[in-house]
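To start, the structure itself, in structure tokens.
Residue numbers (our numbering), protein chains in the order written: chain W, 1 to 307; chain A, 1 to 500.
Pasting the structure below:
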């Protein structure tokens with residue numbers, strides 16, 4: 001497998017995952033707002049916090065209102081996390097790796113690209129926005145389905161898995177971080193607010209059913225955080241994502257450094273227990289975790305892509 | 001439900017007969033038409049096809065046209081043009097009415113093309129080695145030795161089987177009586193074959209019923225034939241040699257095709273930066289498992305850019321040292337560097353001579369009468385008759401820089417007279433040919449449009465010619481310019497077997 005091709009596949013998977021994550025996030029938030037009594041709606045700015053997009057946002061918009069934030073998350077090409085940008089970048093990477101992917105893969109990604117371009121600007125109304133996001137989620141599920149069913153689970157597949165899992169771990173930790181910050185801002189003892197925040201977090205990660213089956217129907221802050229960090233079976237938990245990176249990197253040559261970092265991250269995760277941490281400590285913990293993720297990304301680059 | 005009013009019914013009926021009427025009125029006067037005879041009836045081979053199209057209503061035609069356009073968009077069949085400082089990705093232009101050729105007619109053309117390819121390869125091998133044909137005075141030595149495509153680093157090299165141009169795309173046209181002529185041989189990096197395959201794919205998707213009652217030769221075996229040809233060049237004796245497709249990158253107009261062929265062959269699609277030449281003078285590609293040796297490079301980069309050590313120093317697309325490795329016999333390059341020496345419109349004029357000289361055979365396929373401006377007698381004729389002739393620069397492709405006498409202005413005639421006098425070696429002229437036509441779906445009706453045909457000839461251990469090729473259509477009325485970069489379209493090309 002060519003290093004340059006491996007790199008493109010890795011990024012293709014990261015961008016596809018990013019598009020999907022942004023879609024899921026926007027979808028969950030649009031629905032979340034409907035549950036909140038009038039007058040106490042939280043602002044839309046927290047979505048911009050998640051993707052760390054304030055400077056790009058402020059360049060274009062003044063108000064953090066629903067319309068601007070959704071436009072920024074869905075349609076703006078100068079936001080590197082927007083659905084349109086991510087899909088475009090994913091398509092460019094597929095265009096240059098068509099020769100290793102199943103034939104239909106290019107067509108599906110191209111269809112997604114055509115769909116997003118044609119519809120991304122029509123998302124002002126909530127109804128058409130939800131339809132749009134639904135369609136994006138369905139189409140990306142189709143692409144993953146095709147890849148996992150039709151592509152040999154060889155190096156090409158492994159690099160895509162690594163890209164996807166790293167992007168996921170990154171997004172999951174960001175979503176938790178924003179929930180933590182929202183909880184820090186809310187009044188102490190605000191029982192109701194806490195349920196919204198953590199319940200919404202599960203929805204943003206499509207984790208509601210998995211959480212219910214594993215933990216139970218009651219939404220508890222510590223349980224939720226423990227679940228999205230440490231559950232071994234839920235594919236969007238941080239623990240699961242890191243195990244997946246480890247499993248796929250082990251089949252490649254030159255994986256020693258990554259293995260070492262992953263093991264140390266894993267040990268930290270096993271000892272993780274939300275009830276023993278204050279929200280401030282949790283926020284710092286996630287900061288450190290994010291740094292380690294970018295180190296992982298750097299090691300992937302160094303081990304297999306650099307010339 | 002109320003029955004539609006009588007008037008509406010008759011309106012629908014006339015609209016239903018509308019396409020039939022279009023086909024009946026169709027006329028292409030003065031040219032050979034691929035589907036319709038001079039009398040206006042369908043040629044025997046095309047009868048069923050024409051009947052099928054006659055039965056479609058105008059709205060069905062529109063629907064099929066749109067379906068084709070959508071398939072092309074979704075399949076991502078595109079080509080890139082460079083315009084106003086940026087690269088634009090355009091959907092591939094396609095006409096839904098196929099062009100049909102009888103298999104018996106095609107058999108003759110195939111033989112003629114193989115013969116040509118053998119002669120051209122013998123010529124290239126000769127001019128880089130003994131130069132017999134020049135010493136015997138058949139071709140003026142300066143035509144070859146002073147050509148910018150005669151590459152000094154290639155002198156004295158003998159590739160496997162003596163074959164230099166492994167992939168050749170020849171442009172064919174048909175004159176008034178339907179005979180095929182070779183208009184030019186593209187021996188550098190001919191493109192278009194992926195579109196030939198995709199055109200068939202689109203027809204199958206949008207007009208599957210059209211194939212009923214026809215036995216059409218498939219075209220999708222090209223990538224495997226190409227792989228066998230390339231694998232036969234491998235310097236190492238391995239069951240599956242490492243074949244790569246070398247592309248200049250995504251901004252090249254034929255990038256779609258490079259990726260298509262790599263995928264079709266299960267080969268890696270590489271850019272210059274993915275390859276390097278090691279101390280052992282072998283070519284390696286950079287992989288996640290470390291360097292891997294490459295046996296055969298199907299390069300889609302021009303000679304000039306392939307190796308900054310041997311050719312253009314400023315090339316960032318190529319691989320330093322690759323020519324050294326090739327000359328050592330450590331890697332095969334297809335087409336071999338230097339093949340372009342035979343892809344010159346002056347050399348073209350001598351191909352019939354080459355066939356007689358190297359193969360001792362009679363040319364099986366016609367060449368177009370060519371006047372060489374470097375020869376005084378020819379030049380005088382060209383200068384005097386310029387308004388009747390097509391003048392072409394000897395060394396351009398893509399239809400650039402040529403002048404079609406009968407369609408050009410007096411000013412252009414004078415401009416080209418001057419150009420020829422300044423640099424006679426650089427120009428040739430040919431009679432204005434009447435390109436054949438075929439019924440084409442334009443503006444909701446059926447009209448004749450001129451077309452050509454580019455088959456592909458493979459030459460390695462053995463030789464092979466595509467079934468048909470890429471048909472390019474000049475979409476503007478009366479126009480002879482078929483290049484897709486200049487508004488040309490394309491058609492699916494059927495080689496049809498006789499009915500059993």
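No residue lacks a Cβ here, since even glycine has one placed at the ideal position from N, Cα and C. Here the structure is a predicted model, which means the values were calculated and not measured.
What does residue 258(W) touch in chain A if you count any residue whose Cβ is under 8 Å from its own? Taking the first residue of the first chain as 1, we reach residue 258(W) at position 258. Taking a Cβ-Cβ cut-off of 8 Å, residue 258(W) has no neighbours in chain A, whose nearest Cβ is about 13 Å from it.
Could you check whether residue 57(A) and residue 19(A) sit closer than 8 Å to each other, using their CB atoms as the reference points? As a first step, residue 19(A) must be located in the second chain, where it is residue number 19. As a first step, residue 57(A) must be located in the second chain, where it is residue number 57. Cβ atoms of residue 19(A) and residue 57(A): closer than 8 Å.
According to DSSP, residues forming a beta bridge with residue 430(A): The residue you call residue 430(A) lines up with position 430 of the second chain. Partner residues in the beta bridge of residue 430(A), as assigned by DSSP, are 390(A).
Ranges of the alpha helix (DSSP H) found wholly within the region 281-342 of chain A, counting only runs of at least 4: Fully enclosed alpha helix (DSSP H) runs of 4 or longer: 303-306 and 322-327.
Determine, using beta carbons only, whether residue 440(A) and residue 389(A) come nearer to each other than 8 Å. Here residue 440(A) corresponds to residue number 440 of the second chain, with the count starting at 1. Here residue 389(A) corresponds to residue number 389 of the second chain, with the count starting at 1. No, the pair does not count as a contact, with Cβ atoms beyond the cut-off.
Have a look at residue 70(W) and residue 194(W) and give me their C-alpha separation to the nearest angstrom. Taking the first residue of the first chain as 1, we reach residue 70(W) at position 70. Taking the first residue of the first chain as 1, we reach residue 194(W) at position 194. Cα to Cα, the separation comes out at about 24 Å.
Residue 324(A) versus residue 281(A): straight-line alpha-carbon distance, rounded: Working through the second chain from its first residue, we reach residue 324(A) at position 324. Working through the second chain from its first residue, we reach residue 281(A) at position 281. One Cα belongs to residue 324(A), the other to residue 281(A), and the distance between them is close to 7 Å.
What three-state label does DSSP hand residue 21(A) in the structure shown? Stepping through the second chain from its first residue, residue 21(A) is reached at position 21. Three-state DSSP puts residue 21(A) in a helix.
Taking only beta-carbon atoms, is residue 310(W) less than 8 Å away from chain A? Outside the displayed range of chain W (1 to 307) lies residue 310(W), so it cannot be described from this structure.
Is the number of C-beta pairs between the region 108-118 of chain W and the region 79-97 of chain W that are closer than 8 Å three or more? Three or more Cβ pairs drawn from the region 108-118 of chain W and the region 79-97 of chain W lie within less than 8 Å of each other, which places the two stretches in contact.
Quick check on residue 79(A): does DSSP put it in helix, strand or coil? One-based indexing of the second chain puts residue 79(A) at position 79. Assignment of residue 79(A) by DSSP, reduced to helix, strand and coil, places it in the strand class.
For a cutoff of 8 Å on Cβ pairs, would you count residue 172(W) as touching chain A? Taking the first chain and counting its residues from 1, the one referred to as residue 172(W) is at position 172. No, residue 172(W) does not count as interfacial toward chain A.
Please state whether DSSP places residue 459(A) in a helix, a strand or coil. Mapped onto the second chain, residue 459(A) falls at position 459. In the three-state reduction of the DSSP assignment, residue 459(A) falls in the strand class.
I want to see whether chain W comes within less than 8 Å of residue 376(A), judged by CB atoms only; does it? As a first step, residue 376(A) is located in the second chain; it is residue number 376 there, counting from the start. Among the CB atoms of chain W, none fall inside 8 Å of the CB of residue 376(A).
Give me the subset of the region 158-171 of chain W whose CB atoms are less than 7 Å from a CB atom of chain A, sorted by chain position. Cβ contacts with chain A: none found.
Using a Cβ-Cβ distance under 8 Å, would residue 250(A) count as near chain W? Within the second chain, the letter at position 250 stands for residue 250(A). Yes, residue 250(A) counts as interfacial toward chain W.
If we call anything under 8 Å between Cβ atoms a contact, is residue 31(A) one with residue 436(A)? Here residue 31(A) corresponds to residue number 31 of the second chain, with the count starting at 1. Here residue 436(A) corresponds to residue number 436 of the second chain, with the count starting at 1. Contact flag set, yes.
Among 34(W), 128(W) and 284(W), whose alpha-carbon lies nearest the alpha-carbon of residue 184(W)? On the first chain, residue 184(W) is found 184 positions in, with the first residue counted as 1. For the residues 34(W), 128(W) and 284(W), the minimum Cα distance to residue 184(W) belongs to 284(W).
Determine, using beta carbons only, whether residue 63(W) comes closer than 8 Å to chain A. The residue you call residue 63(W) lines up with position 63 of the first chain. No, residue 63(W) does not count as interfacial toward chain A.
Could you give the residue range of the beta strand (DSSP E) that holds residue 477(A)? The residue given as residue 477(A) occupies position 477 in the second chain. Residue 477(A) -> no beta strand (DSSP E), and no H or E assigned at all.
If we cut at 8 Å on Cβ distances, does residue 110(W) have a partner in chain D? Among the chains of the structure shown, chain D does not appear; the protein chains present are W and A.
For residue 68(W), I'd like the list of residues in its chain whose CB is within less than 6 Å of its CB, leaving aside the five on either flank, ordered along the chain. As a first step, residue 68(W) must be located in the first chain, where it is residue number 68. So the qualifying residues of the chain are 61.
Whether residue 302(A) touches residue 319(A) by CB criterion (8 Å): Position 302 of the second chain, counted from the first residue, corresponds to residue 302(A). Position 319 of the second chain, counted from the first residue, corresponds to residue 319(A). For residue 302(A) and residue 319(A), no; Cβs fall outside 8 Å.
Measuring straight from C-alpha to C-alpha, what distance separates residue 75(W) and residue 136(W)? Against the first chain, residue 75(W) aligns to sequence position 75. Against the first chain, residue 136(W) aligns to sequence position 136. In this structure, the alpha-carbon of residue 75(W) lies about 13 Å from that of residue 136(W).
How about residue 244(W): is its C-beta nearer than 8 Å to some C-beta of chain A? On the first chain, position 244 is the one that residue 244(W) refers to. Not one chain A Cβ lies under 8 Å of residue 244(W).
At a Cβ threshold of 8 Å, is residue 230(A) touching chain W? Here the question's residue 230(A) lines up with position 230 in the second chain. By this cut-off, residue 230(A) is not an interface position.
Under 8 Å between C-beta atoms, does residue 99(W) make it to chain A? As a first step, residue 99(W) is located in the first chain; it is residue number 99 there, counting from the start. Interface residue, yes.
Flag this pair as touching only if the region 489-500 of chain A and the region 257-276 of chain A have three or more C-beta atom pairs under 8 Å; answer yes or no. Touching, no.
Do residue 187(A) and residue 173(A) have their CB atoms nearer than 8 Å? As a working mapping, residue 187(A) is identified with position 187 in the second chain. As a working mapping, residue 173(A) is identified with position 173 in the second chain. Cβ distance not < 8 Å, so residue 187(A) and residue 173(A) don't count as in contact.
Hey, residue 458(A) and residue 225(A): beta-carbon distance below 8 Å or not? For the purposes of this step, residue 458(A) is taken as residue 458 along the second chain, with counting starting at 1. For the purposes of this step, residue 225(A) is taken as residue 225 along the second chain, with counting starting at 1. By the CB criterion at 8 Å, residue 458(A) and residue 225(A) fall inside the cutoff.
Between residue 271(A) and chain W, is there a C-beta pair that is closer than 8 Å? Residue 271(A) sits at position 271 when you count from the first residue of the second chain. Taking Cβ atoms only, chain W reaches closer than 8 Å to residue 271(A), which makes this a yes.
Mind listing which residues of the region 291-316 of chain A have their C-beta closer than 7 Å to chain W's C-betas, in chain order? Correct list: empty, as no residue qualifies.
For residue 168(A), list the residues DSSP reports as bridge partners. Position 168 of the second chain, counting from 1, holds the residue named residue 168(A). Listed as beta-bridge partners of residue 168(A) by DSSP are 457(A).
Under the three-state reduction of DSSP, which class applies to residue 254(A): helix, strand or coil? Residue 254(A) sits at position 254 when you count from the first residue of the second chain. In this structure, residue 254(A) counts as coil in the three-state DSSP scheme.
By the three-class DSSP mapping on this structure, what secondary structure does residue 499(A) have? The residue given as residue 499(A) occupies position 499 in the second chain. Residue 499(A) sits in coil when the DSSP states are folded into three classes, being neither helix nor strand.
Using DSSP's beta-bridge definition, name the partner residues of residue 452(A). Counted from its first residue, the second chain places residue 452(A) at position 452. In the DSSP assignment, residue 452(A) is bridged to 472(A).
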